[in-house]
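In what follows, a single structure is set out as structure tokens and then discussed.
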Amino acid sequence: MRINILQHASNEGPGAVKEWADERGHAVYVYHPSDFGILPKVDETDMLVVLGGPMSPNDGYAWLEAERELIRDCMGSHVPILGVCLGAQQIATALGASVHAAPHKEVGWANVYRQSDALPGLPEKLLALHWHQDMFELPAGSSLLYSSDLVANQGFLVKGNVVGLQFHLETLTDNVREIAINDGAYAKTGNDLRQTPEQIMRQAVPPENRQAVYTILDYLSVH
81 MRINILQHAS NEGPGAVKEW ADERGHAVYV YHPSDFGILP KVDETDMLVV
131 LGGPMSPNDG YAWLEAEREL IRDCMGSHVP ILGVCLGAQQ IATALGASVH
181 AAPHKEVGWA NVYRQSDALP GLPEKLLALH WHQDMFELPA GSSLLYSSDL
231 VANQGFLVKG NVVGLQFHLE TLTDNVREIA INDGAYAKTG NDLRQTPEQI
281 MRQAVPPENR QAVYTILDYL SVH
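Take 81 as the starting number for the sequence shown in the numbering used here and just add one per residue.
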């Protein structure tokens, strides 16, 4: 399979997604649409992964709309998609759901709780990394996968092969450090999780997170 990854920030890479692809023998192509304005074509995409970033789908960048058009085209061709944070918001927006300020800004580690068995094999609870202050409304026809204590809409499955996650499971230890040292100021104001960059980096990445990423990607690869 050719896994096309859209990366929007230099400090938010594919992490465990690339590990999964390498272990499964899939080819990985990483695009940086916010830097170069280049996106893959649908007919060269076997799976699309849309990562996070500091932007909002509501920003008026042409590349964001082009990205949403790619998402809609991939869905029309039944190409599986995983969206993380901004990526999940982009999927929701592409399907006509709104993205707006969340009731709480979540920056740091917090539990998410499974809300359905729509995607088999996922654990009932995960300690996930959060780095957001916006949230998506659920797209029409989607199943809610996870909620946190502060923000209800944390993950969804739609169309049988499209997953959006507001939180980060793909981050490995080095990725957490990279995010925190470069964007740590974001955690210091209005953060309802009340965690400092130093506290965020001290928390070990739970091994269950990597396994959950693998479960999601294995599911998407056959649906």
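Ideal Cβ positions, reconstructed from N, Cα and C, are used throughout, including at glycine.
Residue environment analysis places H212 among the buried positions, since at least 16 neighbouring C-beta atoms fall within 10 angstroms of its C-beta.
Following the DSSP letters along the chain, one finds A172 inside the alpha helix (DSSP H) bounded by residues L166 to A174. Between Q283 and W143, the C-beta gap is not smaller than 8 Å, which leaves the two residues out of contact. For V97, the secondary structure class from DSSP, reduced to helix, strand or coil, is helix. For the pair A172 and N262, the Cα-to-Cα distance works out to about 27 Å. For G140, the closest C-alpha among the options V159, Q195, E217 and Q170 is that of Q170. Looking at L131, P113 and H106, the one whose alpha-carbon comes closest to that of G95 is L131. Burial of K185 is indicated by the presence of at least 16 other C-beta atoms within 10 angstroms of its C-beta. With contacts defined by Cβ atoms closer than 8 Å, D126 and R82 form a contacting pair. With fewer than 16 other Cβ atoms inside 10 Å of its own Cβ, H158 counts as exposed.
Exposure of F116 is indicated by the presence of fewer than 16 other C-beta atoms within 10 angstroms of its C-beta. One alpha carbon belongs to M135, the other to A267, and they sit about 16 Å apart. Within the stretch 100–157, the complete alpha helix (DSSP H) segments of 4 residues or longer fall at 113–116 and 142–156, listed in chain order. When the beta-carbon positions are compared, V243 and L162 come within less than 8 Å of each other. Ranked by Cα distance from D254, the first of L297, V285, Q87 and R152 is V285.
The shortest C-alpha to C-alpha distance from H106 to any of E92, S114 and L128 is the one to L128. For L297, the closest alpha carbon among the candidates H210, H248, A89 and A101 is that of A101. The shortest C-alpha to C-alpha distance from L119 to any of D214, I259, Q87 and I280 is the one to Q87.
In the DSSP assignment, L86 falls outside any alpha helix (DSSP H) and lies within the beta strand (DSSP E) extending over R82 to L86.
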